[in-house]
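Number of protein chains: 2
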Amino acid sequence: MDLDLSLAAPDLTARLVDTESVSGTEEPLADAIETALRELPHLAVHRDGNALIARTSLGRDQRVVLAGHIDTVPIAGNVPSRRQGDVLWGCGSCDMKAGVAVQLRLAATLDAPNRDVTYVFYDCEEIEAERNGLLRVSRNRPDLLAGDLAVLMEPTDGAVEGGCQGTMRAEVRATGQRAHSGRSWLGRNAIHEAGPILEVLRSYQAREPDVDGLTYHEGLNAVWISGGVAMNVIPDECVVTVNYRFAPDRSLDQALDHVREVFDGWDVTLTDGVGGARPGLAAPAAASFVSAVGGTPRAKLGWTDVARFASLGIAAVNYGPGDPRLAHRPDEHVEIASITDCEANMRAWLTA
Amino acid sequence: MDLDLSLAAPDLTARLVDTESVSGTEEPLADAIETALRELPHLAVHRDGNALIARTSLGRDQRVVLAGHIDTVPIAGNVPSRRQGDVLWGCGSCDMKAGVAVQLRLAATLDAPNRDVTYVFYDCEEIEAERNGLLRVSRNRPDLLAGDLAVLMEPTDGAVEGGCQGTMRAEVRATGQRAHSGRSWLGRNAIHEAGPILEVLRSYQAREPDVDGLTYHEGLNAVWISGGVAMNVIPDECVVTVNYRFAPDRSLDQALDHVREVFDGWDVTLTDGVGGARPGLAAPAAASFVSAVGGTPRAKLGWTDVARFASLGIAAVNYGPGDPRLAHRPDEHVEIASITDCEANMRAWLTA
């Protein structure tokens with residue numbers, strides 16, 4: 002298939018939606034993007050699997066990275082796209098082919114932007130972290146991701162969301178001693194022993210720290226609990242899986258230390274975790290970006306791929322068209338105006 | 002196969018062990034028992050499936066019921082039986098072919114006992130309650146189970162254990178509101194809400210009531226807990242399954258009322274339950290039994306089939322050879338002396 006980058010961004014979004022690219026099946030779309038990018042003489046194009054990196058080399062003082070994933074969650078009867086008045090419906094319309102369309106329009110039309118630009122299109126964002134295309138590129142060619150600011154064009158409803166919170170899970174384990182439930186006093190009930198763990202969670206006061214001028218909001222929650230051997234046995238183990246969402250002023254190690262401190266005296270085992278990203282809005286590139294797109298920046302509370310840029314030492318923000326609450330839904334859609342507004346704001350920033 | 006009831010009880014136990022009768026496969030053993038019983042002119046024999054009821058009809062003032070199940074848990078490399086000095090090893094040796102052997106020896110040799118005797122041999126005790134042979138007989142022919150006292154000859158290590166406690170399970174449910182764990186304050190965590198349920202259980206003071214002269218010991222315990230939707234979701238439900246073991250001064254309905262009262266304010270759903278049995282040791286037949294076999298009676302804490310007699314209005318005790326802690330184990334065994342002592346005590350009671 003051919004991708005006509007002279008189309009307006011909303012029409013281009015529709016074409017992208019119509020080219021199915023569920024995670025793991027992005028190759029046809031990656032091929033089309035590669036072909037279109039290679040026709041642009043002001044960009045040097047590199048391919049890594051189904052990820053593409055296209056860069057200007059104008060010798061500008063700053064370099065900015067515009068990144069977006071090209072995969073979607075599974076189709077749910079919502080392809081092909083459907084335009085209805087000011088709204089475009091379809092799988093990936095919001096998350097995040099509208100953002101990718103804006104990237105492609107900027108790549109095609111800005112042959113002399115005021116900052117050098119690196120456009121990153123990557124695969125497998127919607128599935129297990131280990132297959133994430135941005136992670137793969139950051140390992141294979143971190144030099145290609147270098148820059149003063151990265152803008153991850155995931156849907157933020159047109160607001161600038163700075164950085165992101167980290168997330169980690171740990172198992173907090175209460176132990177006891179098995180016995181027949183007909184003589185329960187011969188044992189020690191591990192489910193009962195988990196009561197104080199839940200009390201700690203109930204009374205936990207989550208931090209809402211200010212980091213680089215943005216207010217984050219942490220949370221420490223049980224997301225799973227399991228205990229039980231048989232319906233007539235006093236159980237000897239009960240495991241509470243807690244999820245700590247932590248502000249980017251704490252590293253993953255510090256977050257784990259905090260959880261261990263909160264559950265002092267219990268067995269605490271880290272199961273998985275990843276650090277967040279500071280907003281870095283004080284950096285010159287970020288400040289000019291915020292001023293160009295307008296609005297009041299807010300903290301990003303969920304974890305996003307901006308953290309991968311943070312781990313490379315690059316300040317990163319989330320900014321893109323579409324309401325994030327519509328992502329992954331069968332009735333996923335995007336307002337046409339949010340696409341055109343986003344493109345206009347980005348263009349203003351990169352040409353002013 | 003033939004069952005030679007002139008064998009001594011320990012040898013007869015060995016023959017019974019060697020005739021495999023895992024629950025559901027009792028027919029050959031039931032056939033052998035039926036053939037042997039029908040040769041005894043002082044007994045009237047009735048068969049119901051793989052259960053057998055054999056009764057004297059001497060017009061005595063009292064009638065006693067001696068009951069035992071003929072099935073075993075699955076074989077675990079422990080058949081055929083093995084005699085080693087004063088111990089007999091094998092599947093069912095303790096639970097409860099030794100008790101069945103004593104029943105058969107008494108049936109064969111007591112042609113004029115001082116009380117009328119009903120011998121009950123039944124199937125499917127080790128599996129789901131609905132298939133229990135004693136339950137089936139109690140529905141088909143309750144008249145055949147009538148009596149002044151029932152002795153269930155399950156292993157009690159030679160002690161008299163009166164009645165039994167009831168048991169019931171209920172689900173106690175905490176509810177909340179789902180949310181993404183990145184914005185946990187938009188939801189209400191049902192696992193956290195279960196904390197007070199566990200606190201109630203931790204601080205619960207179990208009754209140890211005296212019932213008809215025996216001290217029972219209740220227990221209210223969580224035997225299962227489950228909650229969790231996904232590793233990044235605030236869960237909207239957490240279910241604690243509690244098991245209440247209650248003394249026989251409470252009916253199942255009263256037990257459920259108590260659990261509802263303890264968990265006032267939570268959703269409580271009964272999942273299964275069965276009432277216990279009062280010891281009834283004050284009844285004349287029971288008093289003479291206790292005096293004949295000696296020792297100090299104690300309360301039966303686990304639930305047993307004596308409750309089926311209780312539901313027919315018949316006082317019932319547990320009394321039989323073997324250590325109950327050895328039941329269901331690959332190394333199951335029984336002391337020879339416990340078999341011969343039991344037979345001698347029963348014989349003394351029924352002939353004095």
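Heads up: the sequence lines are chains B and Z, in that order.
Its first residue numbered 2, the first sequence is counted upward by one per residue in my numbering.
Its first residue numbered 2, the second sequence is counted upward by one per residue in my numbering.
Glycine residues also receive a C-beta, built at the ideal position from the N, C-alpha and C atoms.
All figures in this text were calculated on a predicted structure; none of them were measured in a lab.
Exercise. Quick one, which of Glu-209(B), Pro-236(B) and Val-173(B) has its alpha-carbon nearest Ala-223(B)'s?
Worked result: Here the question's residue 223(B) lines up with position 222 in the first sequence. Of Glu-209(B), Pro-236(B) and Val-173(B), the residue nearest in Cα terms is Val-173(B).
Exercise. What residues from chain Z crowd round Arg-246(B), counting only those whose CB sits closer than 8 Å?
Worked result: Working through the first sequence from its first residue, we reach residue 246(B) at position 245. Chain Z residues near Arg-246(B): Ser-182, Gly-183 and Ser-185.
Problem set entry | Contacting positions in the segment 10-40 of chain B - beta carbon closer than 9 Å to chain Z | none
For this session: Identify the contact partners of Gly-220(B) in chain Z, using a Cβ-Cβ distance below 8 Å as the criterion.
Result: Walking along the first sequence from the start, residue 220(B) turns up at place 219. What Gly-220(B) touches in chain Z: Ser-182, Gly-183, Arg-184, Ser-185 and Trp-186.
Problem set entry | Three CB pairs or more closer than 8 Å across the segment 110-124 of chain Z and the segment 61-68 of chain Z | Because the criterion of three Cβ pairs below 8 Å is met, the segment 110-124 of chain Z and the segment 61-68 of chain Z touch.
Problem set entry | Within-7 Å CB hit, Trp-90(B) to chain Z | Here residue 90(B) refers to the residue found at position 89 when the first sequence is read from its first residue. Trp-90(B) does not count as touching chain Z.
Exercise. Are the C-beta of Glu-333(Z) and some C-beta of chain B separated by less than 7 Å?
Worked result: Stepping through the second sequence from its first residue, residue 333(Z) is reached at position 332. Not one chain B Cβ lies under 7 Å of Glu-333(Z).
Exercise. Which first and last residues belong to the alpha helix (DSSP H) in which Cys-343(Z) is found?
Worked result: Along the second sequence, one-based indexing puts residue 343(Z) at 342. Element bounds for Cys-343(Z): 337-352.
For this session: List the DSSP bridge partners of Ala-171(Z).
Result: Mapped onto the second sequence, residue 171(Z) falls at position 170. In DSSP, Ala-171(Z) forms a bridge with Val-243(Z) and Leu-271(Z).
Exercise. What in chain Z is Cβ-close to His-193(B), meaning under 7 Å?
Worked result: Taking the first residue of the first sequence as position 1, residue 193(B) is located at position 192. At a C-beta separation below 7 Å, His-193(B) has these neighbours in chain Z: Leu-199, Leu-202, Arg-203 and Ala-223.
Problem set entry | Nearest-angstrom Cβ-Cβ length linking Cys-165(B) and Ala-288(B), presumed shorter than 8 Å | Taking the first sequence and counting its residues from 1, the one referred to as residue 165(B) is at position 164. Taking the first sequence and counting its residues from 1, the one referred to as residue 288(B) is at position 287. No, Cys-165(B) and Ala-288(B) are not in contact; Cβ-Cβ is about 19 Å, not under 8 Å.
For this session: Mind checking which residues open and close the alpha helix (DSSP H) that includes Asp-117(B)?
Result: Residue mapping note: residue 117(B) aligns to position 116 of the first sequence, counting from 1. Element bounds for Asp-117(B): not the alpha helix (DSSP H) but the beta strand (DSSP E), 117-123.
Problem set entry | Contacts around Gly-177(Z), its chain only, beta-carbon distance under 6 Å, and the 5 residues preceding and following it disregarded | What you label residue 177(Z) is simply residue 176 of the second sequence in a count that begins at 1. For Gly-177(Z), where only same-chain residues beyond five positions count, the Cβ hits under 6 Å are Arg-189, Asn-190, Ala-191, Glu-194 and Asp-237.
Exercise. Do the segment 316-328 of chain B and the segment 86-106 of chain B touch if we need at least three Cβ pairs shorter than 8 Å?
Worked result: Touching, per the Cβ criterion.
Exercise. Nearest to Asp-5(B) by alpha carbon, out of Ile-235(B), Asp-250(B), Met-347(B) and Ala-109(B)?
Worked result: Taking the first residue of the first sequence as 1, we reach residue 5(B) at position 4. Distances from the CA of Asp-5(B) to each of Ile-235(B), Asp-250(B), Met-347(B) and Ala-109(B) were compared; the closest alpha carbon is that of Ala-109(B).
For this session: Label Ser-182(Z) either buried or exposed according to how many other C-beta atoms from any shown protein chain fall within 10 Å of its C-beta, with 16 as the threshold for buried.
Result: Position 181 of the second sequence holds residue 182(Z). So Ser-182(Z) ends up on the buried side.
Exercise. If you draw a straight line from the C-alpha of Ala-9(Z) to the C-alpha of Gln-104(Z), how long is it?
Worked result: In the second sequence, counting from the first residue as 1, residue 9(Z) sits at position 8. In the second sequence, counting from the first residue as 1, residue 104(Z) sits at position 103. Between the C-alpha atoms of Ala-9(Z) and Gln-104(Z) there is a straight-line separation of about 12 Å.
For this session: Report the residue from Leu-271(B), Ser-7(B), Pro-280(B) and Leu-38(B) whose alpha carbon sits nearest the alpha carbon of Ala-151(B).
Result: The residue you call residue 151(B) lines up with position 150 of the first sequence. Among Leu-271(B), Ser-7(B), Pro-280(B) and Leu-38(B), the Cα nearest to that of Ala-151(B) is on Pro-280(B).
Problem set entry | Any chain Z beta carbon closer than 7 Å to Ile-439(B) | Nothing about residue 439(B) can be read from this structure; chain B reaches only from 2 to 353.
For this session: Mind reading off the beta-carbon distance from Trp-267(B) to Thr-242(B)? Whole number of angstroms is fine, and I expect it under 8 Å.
Result: In the first sequence, the residue the question calls residue 267(B) occupies position 266. In the first sequence, the residue the question calls residue 242(B) occupies position 241. No, Trp-267(B) and Thr-242(B) are not in contact; Cβ-Cβ is about 13 Å, not under 8 Å.
Exercise. Are the Cβ atoms of Gly-163(Z) and Leu-59(Z) separated by less than 7 Å?
Worked result: The count along the second sequence starts at 1 and reaches residue 163(Z) at position 162. The count along the second sequence starts at 1 and reaches residue 59(Z) at position 58. The answer is no: Cβ separation not under 7 Å.
Problem set entry | Any 3 or more C-beta pairs closer than 8 Å across the segment 71-91 of chain B and the segment 302-320 of chain B | no
Problem set entry | Contact under 7 Å by Cβ, Leu-357(B) with Asn-115(B) | Here chain B covers residues 2 to 353 and nothing more, so residue 357(B) does not appear.
Problem set entry | Whole-Å CB distance - Gly-196(Z) paired with Arg-203(B), under 8 Å assumed | Walking along the second sequence from the start, residue 196(Z) turns up at place 195. Walking along the first sequence from the start, residue 203(B) turns up at place 202. Confirmed, Cβ separation roughly 5 Å.
For this session: Could you tell me if Asp-300(B) is buried or exposed, where buried requires 16 or more neighbouring beta carbons within 10 angstroms of its beta carbon?
Result: As a position in the first sequence, residue 300(B) is number 299, starting the count at 1. Checking the sequence, you will find Ala at residue 300(B) rather than Asp. Burial call: buried.
Exercise. Closer than 7 Å, Cβ to any Cβ of chain Z: which residues of the segment 74-103 of chain B, in chain order?
Worked result: none
Exercise. So Leu-221(Z) is in the beta strand (DSSP E); what residue range does that whole segment cover?
Worked result: By 1-based counting over the second sequence, the position of residue 221(Z) is 220. Where Leu-221(Z) is concerned, the enclosing beta strand (DSSP E) stretches over 220-229.
Exercise. Is there at least one Cβ from chain Z nearer than 7 Å to Ile-226(B)'s Cβ?
Worked result: Locating residue 226(B) in the first sequence gives position 225, counting from the first residue. By this cut-off, Ile-226(B) is an interface position.
Problem set entry | DSSP bridge partner residues for Gln-178(Z) (one or two, in chain order) | One-based indexing of the second sequence puts residue 178(Z) at position 177. According to DSSP, Gln-178(Z) shares a beta bridge with Arg-189(Z).
Exercise. Gln-104(Z) by DSSP, collapsed to three states: which one?
Worked result: Stepping through the second sequence from its first residue, residue 104(Z) is reached at position 103. Gln-104(Z) falls in the helix class under three-state DSSP.
Exercise. Between which two residues does the alpha helix (DSSP H) containing Gln-255(B) stretch?
Worked result: Stepping through the first sequence from its first residue, residue 255(B) is reached at position 254. Unbroken alpha helix (DSSP H) run through Gln-255(B): 253-263.
For this session: Kindly indicate which three-state DSSP category Asp-96(Z) falls into: helix, strand or coil?
Result: In the second sequence, the residue the question calls residue 96(Z) occupies position 95. Asp-96(Z) falls in the helix class under three-state DSSP.
Problem set entry | Ala-45(B): first and last residue of the uninterrupted beta strand (DSSP E) it sits in | The sequence position of residue 45(B) within the first sequence is 44, counting from 1. It spans 45-49 - the beta strand (DSSP E) in which Ala-45(B) sits, taken as one unbroken run.
Exercise. Do Ser-185(Z) and Gly-167(B) come within 7 Å of each other at the CB atom, strictly closer than that value?
Worked result: Within the first sequence, residue 167(B) is the residue found at index 166, counting from 1. Within the second sequence, residue 185(Z) is the residue found at index 184, counting from 1. No; because the gap between Cβ atoms is not below 7 Å, this pair is not in contact.
Exercise. Of all the CB atoms in chain B, is at least one closer than 7 Å to the CB of Met-1(Z)?
Worked result: Residue 1(Z) lies beyond the stretch modelled for chain Z, which goes from 2 to 353, so this question has no answer here.
Exercise. Pro-210(Z) and Ala-248(Z) look like a contact to me (Cβ under 8 Å); what is the Cβ gap, rounded to whole Å?
Worked result: Mapped onto the second sequence, residue 210(Z) falls at position 209. Mapped onto the second sequence, residue 248(Z) falls at position 247. 5 Å between Cβ atoms; contact.
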